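Chemist: Have a look at this one before I ask anything.
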Amino acid sequence: MVLSEIQQEALDQARKHGGKLIRWEQGGYWTYAEAIPEQEHPSSGASALDWYCTTNTIFALVRRGYMIMDDWKNCSLMDRYVQD
């Protein structure tokens with residue numbers, strides 16, 4: 022199955038950060054925990070993050086079986102993709 026560039030990037034970022042991505046509440050984007058700045062300006066937007074992707078990207082990976090939703094704020098790589 023062919024993945025888009027951002028889908029592949031999301032998988033790579035999850036692998037680099039313990040197999041998990043989290044939802045950043047200041048905009049609904051998905052990222053890894055270390056990408057969220059400790060002190061953030063309320064209007065900083067996604068540019069405050071080191072890396073992020075959209076909910077559409079995460080849902081596409083879930084539909085294709087690469088990730089699972091742990092809850093509405095956390096997702097994890099399926100075990101078979103952690104060390105690909």
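Using this note's numbering, read the sequence shown as starting at 22 and increasing by one per residue. Backbone N, C-alpha and C fix where the C-beta goes; we use that ideal spot for every residue, glycine too. Predicted model only: the values in this text are computed from it and were never measured.
#1: So, is Gln29 buried or exposed, given that buried needs 16 or more other C-beta atoms within 10 angstroms?
#2: Would the beta-carbon of Leu24 fall within 8 Å of that of Cys96?
#3: By Cβ distance below 6 Å, which residues in the same chain neighbour Arg44 in space, the five residues on each side in sequence not counted?
#4: Is Ile89 helix, strand or coil when you go by DSSP?
#5: Please name the residue or residues paired with Thr52 in a DSSP beta bridge.
Modeler: Taking the structure as given:
#1: Taking the first residue of the sequence shown as 1, we reach residue 29 at position 8. Burial call: exposed.
#2: Here residue 24 corresponds to residue number 3 of the sequence shown, with the count starting at 1. Here residue 96 corresponds to residue number 75 of the sequence shown, with the count starting at 1. The answer is no: Cβ separation not under 8 Å.
#3: As a first step, residue 44 must be located in the sequence shown, where it is residue number 23. Trp51, Lys94.
#4: For the purposes of this step, residue 89 is identified with residue 68 of the sequence shown, where counting begins at 1. Correct three-state label for Ile89: strand.
#5: Here residue 52 refers to the residue found at position 31 when the sequence shown is read from its first residue. Paired residues: Ile43.
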